[in-house]
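Since the structure comes first, as structure tokens, the remarks are kept for the end.
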Amino acid sequence: MAIMTQLIHTLIAAAAVFTAGANAQCGAGSPHATVTGGGNWFQATRGSAQVYAGSDYRAAIQAALDAISPGQRVAVLASGSIGASTITITSGKIFEGCGTINVGNRAGRGAIESTDTSDVQIPYLSMTGNPYFGMRFSGTRNLVLGKINMNLSGGLGIRFDRDRAPNYNVKMDTITVTGAGSHAVETWNIDGLTINSVIARNVGECGLLMQKTTNARVGLVDGQNVATGNGYATLRFANENGKLPNGRYDTNVHVDRVVSRGGGRGIFCVSQSGGASIGNIDLANNGNNAILIENCYNVQIHGGKVNGGGEVRLSARSEFPNNRDVSITLQVDNTSVREQPCGQNIRWNIWGNARRQTCS
Ligand SMILES: *[C@@H]1O[C@H](CO)[C@@H](O)[C@H](O)[C@H]1NC(C)=O
Ligand SMILES: *[C@@H]1O[C@H](CO)[C@@H](O)[C@H](O)[C@H]1NC(C)=O
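With mature numbering (1 follows the signal peptide of the UniProt record, and there is no 0) applied, the sequence shown covers -24 to -1, 1 to 336.
Written out as structure tokens, the structure reads:
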């Protein structure tokens, strides 16, 4: 009897796992609205009601979004092109882009936007094209981005605006951006950010650029051929990133791992950013500084390696106070380590064949 009960419990548990797995696919289960069709004909339906039929893919998607209530879900099953236009997601709506959404460049605007909203979720998205911003956000609360794939031919992947309302509690799972001309992911004005991973391939500027963003946790930032020929980086902190409202730089930005190959810089901290702890890094053959830390406060790199590429450098511009409270534990081979000018409370623990010119 006990064995039978155990077996039933095991079967129920297995069924639950299976159901969860099936629901974890784009468009699975019963979305409240769908967009189907292709080519020159698209249809949006909510339940059994048709809310759009015609040739305009963007209009079909927007009609589906406008037909659902907060807490409900749209699955875009069709692939198509929205041209240089914008899909707008209002509060509480769940948007799944299961087909491939091709987008154009609308100056200053996102192909998908959600601004001044709460509880918007985009669990899946597959985007191609050359947007100004693939996705554009500001003033969001509890925004969730899931598995986002952007295979672009230019433009910027995901952007949180600089001159607009701040965002609170943003979560991202896996963001993969290929071919952006600018950054893969650029944040401004977020308090409370969790990212599982940002994977950037052949991206013009940064993989992950964080600005005025506090209380952040990032798993992995992985860049290949990011920022080639310029001063951007696979991971860049800028414009007072990590500065708390009280003006302090207590550690509040945590990054588990950074991997970078080729491109421009690997890791770049600048313009009074800091409060950052980076767990483990693996940088090789960066075309510009493997690491550049310039006017940053409380930055720790706890381990890993740099092989080749530009020098590991602590530097300063005269417009801001010099680096302070920086600690770097790292194997560095086939490039150099330089601290110039000398910062304040800088702790180096460097091994490997690197040439060293440091102050402590
Ligand atoms: C991205 O798109 C290009 C051109 O359409 C294609 O050749 C490439 O395989 C795609 N890459 C990924 C990672 O999907
Ligand atoms: C770099 O340094 C390592 C360790 O000293 C060495 O084994 C390696 O051959 C060097 N060269 C390259 C191109 O990695």
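Just so it is clear, CB atoms sit at the ideal spot from N, CA and C, and this is done for glycine as well. In this text the structure is predicted, and so the values were computed from the model without any measurement.
Check: In chain order, what are the residues with a CB under 7 Å from some non-hydrogen atom of ligand 2?; Outcome: 283, 284, 309, 310, 328 and 329
Check: Taking only the alpha-carbon atoms, compute the straight-line gap between residue 336 and residue 1 and give it to the nearest angstrom.; Outcome: 53 Å
Check: Locate the alpha helix (DSSP H) running through residue 48, then write down its first and last residues.; Outcome: First-last for residue 48: undefined, no H or E at that position.
Check: With respect to 7 Å, is the separation between the Cβ of residue 154 and the closest non-hydrogen atom of ligand 1 below this value?; Outcome: yes
Check: Should residue 309 go down as buried or exposed, given a rule of 16 or more other Cβ atoms within 10 Å for buried?; Outcome: exposed
Check: Just reading off the beta strand (DSSP E) that residue 312 is part of, what are its end residues?; Outcome: 312 to 315
Check: Go ahead and pull the three-state DSSP assignment for residue 176.; Outcome: strand
Check: What's the call for residue 325, buried or exposed, on a 16-neighbour Cβ count within 10 Å?; Outcome: exposed
Check: Tell whether a beta-carbon distance below 8 Å holds between residue 334 and residue 302.; Outcome: no
Check: Could you give the residue range of the beta strand (DSSP E) that holds residue 152?; Outcome: 143 to 154
Check: Go ahead and label residue 407 buried or exposed: buried means 16 or more other beta carbons lie within 10 angstroms of its beta carbon, across all protein chains shown.; Outcome: It is not possible to answer for residue 407, since the shown part of the chain is limited to -24 through 336.
Check: Counting only the same chain and skipping the five closest in sequence on each side, list residues whose C-beta sits under 8 Å from that of residue 201.; Outcome: 177, 178, 179, 237, 238 and 239
Check: Quick one: does residue 99 have its CB under 8 Å from some CB of chain C?; Outcome: Checking the listed chains, one finds no chain C in this structure; it contains a single protein chain.
Check: Return helix, strand or coil for residue -3, following the three-state DSSP convention.; Outcome: Below a pLDDT of 50, predicted positions are generally treated as unreliable, and residue -3, at 36, falls in that range; the measurement from the model is reported next regardless. Residue -3 falls in the helix class under three-state DSSP.
Check: How far does the beta strand (DSSP E) with residue 220 in it extend, from its first residue to its last?; Outcome: Premise fails: residue 220 is in no beta strand (DSSP E) and is neither H nor E.
Check: Tell me, please, which residues DSSP counts as bridged to residue 290.; Outcome: 269 and 315
Check: Taking 8 Å as the cut-off, does the region 287 to 298 touch the region 220 to 236 (at least 3 CB pairs, one atom from each stretch)?; Outcome: no
Check: Residues bridged to residue 182 by DSSP?; Outcome: In DSSP, residue 182 forms no bridge with anything.
Check: Look up residue 98 in the DSSP assignment and say whether it is helix, strand or coil.; Outcome: strand
Check: Indicate the three-state DSSP secondary structure (helix, strand or coil) for residue 248 in the structure shown.; Outcome: coil
Check: Determine the extent of the beta strand (DSSP E) in which residue 28 is found, giving its start and end residues.; Outcome: 25 to 30
Check: If distances are taken between C-alpha atoms only, which option among 299, 290, 328 and 289 comes closest to residue 307?; Outcome: 328
Check: Go to residue 341, then tell me how far its beta strand (DSSP E) extends in each direction, as first and last residue.; Outcome: For the chain, the structure presents residues -24 to 336; residue 341 sits outside this window and is missing.
Check: Just verifying my parser: in three-state terms, what is the DSSP assignment at residue 34?; Outcome: helix
Check: What residue range does the beta strand (DSSP E) around residue 295 cover?; Outcome: Neither: residue 295 is in no beta strand (DSSP E) and is coded neither H nor E.
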